[in-house]
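Position 220 of the sequence shown, counted from 1, bears residue number 261 in this note's numbering, the numbering being contiguous throughout.
Ideal Cβ positions, reconstructed from N, Cα and C, are used throughout, including at glycine.
Everything below concerns the one structure shown next.
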Amino acid sequence: MGEYSDFRSDTVTRPTENMRKAMAEAVVGDDVLGDDPTVQELESLAAEKMGKEAALFVPSGTMANSIAIKAWTRELDEVIVEERAHLYNMESTHMTFIARVLPRPIPSNRGAMDPEEVEKNIRKPSVHIPRTSLICVENTHNNWSGAVVPMENLEAIRKIANNHDIKIHFDGARIFNASAASGIPVKEYAAIGDSIMFCLSKGLSAPVGSLLTGPKEFIDFARRVRKALGGGMRQVGVLAAPGIIALTEMVDRLNEDHKRAKKLALDIAELPGISLNPDHVQTNIIIFGFNHPKISIPEFLTKLKDRKILALATSEGRIRFVTHKDINDKDIEKAVSAFREILG
Ligand code: TLP
Numbered sequence: 042m043g044e045y046s047d048f049r050s051d052t053v054t055r056p057t058e059n060m061r062k063a064m065a066e067a068v069v070g071d072d073v074l075g076d077d078p079t080v081q082e083l084e085s086l087a088a089e090k091m092g093k094e095a096a097l098f099v100p101s102g103t104m105a106n107s108i109a110i111k112a113w114t115r116e117l118d119e120v121i122v123e124e125r126a127h128l129y130n131m132e133s134t135h136m137t138f139i140a141r142v143l144p145r146p147i148p149s150n151r152g153a154m155d156p157e158e159v160e161k162n163i164r165k166p167s168v169h170i171p172r173t174s175l176i177c178v179e180n181t182h183n184n185w186s187g188a189v190v191p192m193e194n195l196e197a198i199r200k201i202a203n204n205h206d207i208k209i210h211f212d213g214a215r216i217f218n219a220s221a222a223s224g225i226p227v228k229e230y231a232a233i234g235d236s237i238m239f240c241l242s243k244g245l246s247a248p249v250g251s252l253l254t255g256p257k258e259f260i261d262f263a264r265r266v267r268k269a270l271g272g273g274m275r276q277v278g279v280l281a282a283p284g285i286i287a288l289t290e291m292v293d294r295l296n297e298d299h300k301r302a303k304k305l306a307l308d309i310a311e312l313p314g315i316s317l318n319p320d321h322v323q324t325n326i327i328i329f330g331f332n333h334p335k336i337s338i339p340e341f342l343t344k345l346k347d348r349k350i351l352a353l354a355t356s357e358g359r360i361r362f363v364t365h366k367d368i369n370d371k372d373i374e375k376a377v378s379a380f381r382e383i384l385g
């Protein structure tokens, strides 16, 4: 992307020098046959970091979520999801397409579902209606501007799940961002979920991959589902190697991204046409409403692009900026100047 400042997502980061070196030097085997030592190392590291028995390396966050839902449910079941959840809105309907279960979306306060509301939506057993078998939570919450969902809320939902013998799957695509922002160790968040997935290719800057973690029996089954979905990969140690660097070298810098996002939010919040509460920017995602008397969202994005700045419109008519390793202080200054110039 050269001279562009690319705020579209933290997925756009390029691998670090150490990652490229690790890829070149990775010892590999055939992972479908179970003998790629670099993948094994990454999976052990992931399981250890999350405090779970086992982990599975998958190509994407979407595949991790779809496998988890498939593995925890069966047809005729229903899954409680937060209404703006990524796995419900942005993953091409795998809940119905792959797991063949019904989503039951419920509203939230910036990603935190009211525990009473969750409990009310758990179905009573009946021949007429679906069985509630799973609750999904997400943290940080992408579509709530990267909000950190409070631990007390997650714990209250865990209690309810226990009382009703229901599993929890945790979409922790950006769990390391949540932990960096709140100071709560990732293991404590991970303990909320029977399973948790996280992504290597977002804030942690690896080129590809996510890890699904959970009990050994669940991961054994997940491995079969991954194969059935065509996600069995062979000498994939070359992709696991940068993942190991992501986990060992890239976690401690996430608060830099959060600080830059906050700075950008504070500097643009008062400009005409923008509706944004900078207090709501807790991590690296800034989502704001845009309603300008003279400029539409596509026009605004084009004007930004003319100034070598890339951002995305969300499906609900808002604009999203994301900070990451390849965004520095100069990119923030450039964006703020462009906003001022365009919006006046
Ligand atoms: N999010 C992407 C896009 O929305 C597709 C992004 O740019 O933020 N869970 C969460 C919370 C996510 O934000 C994403 C990706 C996923 C799951 C899916 O991961 P991938 O893109 O690897 O399938």
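Classify residue i: buried if its beta carbon has 16 or more other beta carbons within 10 angstroms, exposed otherwise.
{"i": "I237", "result": "buried"}
{"i": "F138", "result": "exposed"}
{"i": "V168", "result": "exposed"}
{"i": "L74", "result": "exposed"}
{"i": "I176", "result": "buried"}
{"i": "D76", "result": "exposed"}
{"i": "E89", "result": "exposed"}
{"i": "G330", "result": "exposed"}
{"i": "N369", "result": "exposed"}
{"i": "S133", "result": "exposed"}
{"i": "E179", "result": "buried"}
{"i": "D235", "result": "buried"}
{"i": "N296", "result": "exposed"}
Does residue i come out as helix, strand or coil in the three-state DSSP assignment?
{"i": "K243", "result": "coil"}
{"i": "D51", "result": "helix"}
{"i": "E229", "result": "helix"}
{"i": "A188", "result": "strand"}
{"i": "G79", "result": "The identity of residue 79 in the sequence shown is Thr, whereas the question assumes Gly. The answer is helix: DSSP assigns T79 an H, G or I state."}
{"i": "E357", "result": "coil"}
{"i": "P171", "result": "coil"}
{"i": "I336", "result": "coil"}
{"i": "D206", "result": "coil"}
{"i": "S85", "result": "helix"}
{"i": "R164", "result": "coil"}
{"i": "L74", "result": "helix"}
{"i": "E124", "result": "coil"}
{"i": "R141", "result": "coil"}
{"i": "V68", "result": "coil"}
What separation, rounded to the nearest whole angstrom, lies between the Cα atoms of residue i and residue j?
{"i": "D72", "j": "R264", "result": "11 Å"}
{"i": "I233", "j": "K303", "result": "28 Å"}
{"i": "R381", "j": "R359", "result": "18 Å"}
{"i": "L117", "j": "N162", "result": "16 Å"}
{"i": "M104", "j": "S337", "result": "35 Å"}
{"i": "A202", "j": "D261", "result": "23 Å"}
{"i": "R151", "j": "P319", "result": "14 Å"}
{"i": "I80", "j": "V277", "result": "Reading off the sequence, residue 80 comes out as Val, not Ile. Going by the C-alpha atoms only, they are around 7 Å apart."}
{"i": "K62", "j": "V69", "result": "14 Å"}
{"i": "P166", "j": "E84", "result": "37 Å"}
{"i": "R294", "j": "S174", "result": "37 Å"}
{"i": "E44", "j": "K346", "result": "11 Å"}
{"i": "P56", "j": "K366", "result": "10 Å"}
{"i": "D212", "j": "K344", "result": "34 Å"}
{"i": "G284", "j": "V53", "result": "15 Å"}
{"i": "A376", "j": "N184", "result": "21 Å"}
Going by DSSP, name the residue or residues bridged to residue i.
{"i": "T254", "result": "A96 and I237"}
{"i": "V266", "result": "According to DSSP, V266 bridges with nothing at all."}
{"i": "I260", "result": "In DSSP, I260 forms no bridge with anything."}
{"i": "A153", "result": "N150"}
{"i": "V178", "result": "F211"}
{"i": "S46", "result": "I350"}
{"i": "S316", "result": "G330"}
{"i": "D118", "result": "R172"}
With 7 Å set as the bound, which would you pick, yes or no: does the beta-carbon of residue i sit closer than that to a beta-carbon of chain C?
{"i": "A221", "result": "Although the question refers to chain C, the structure presented lacks it and comprises just one protein chain."}
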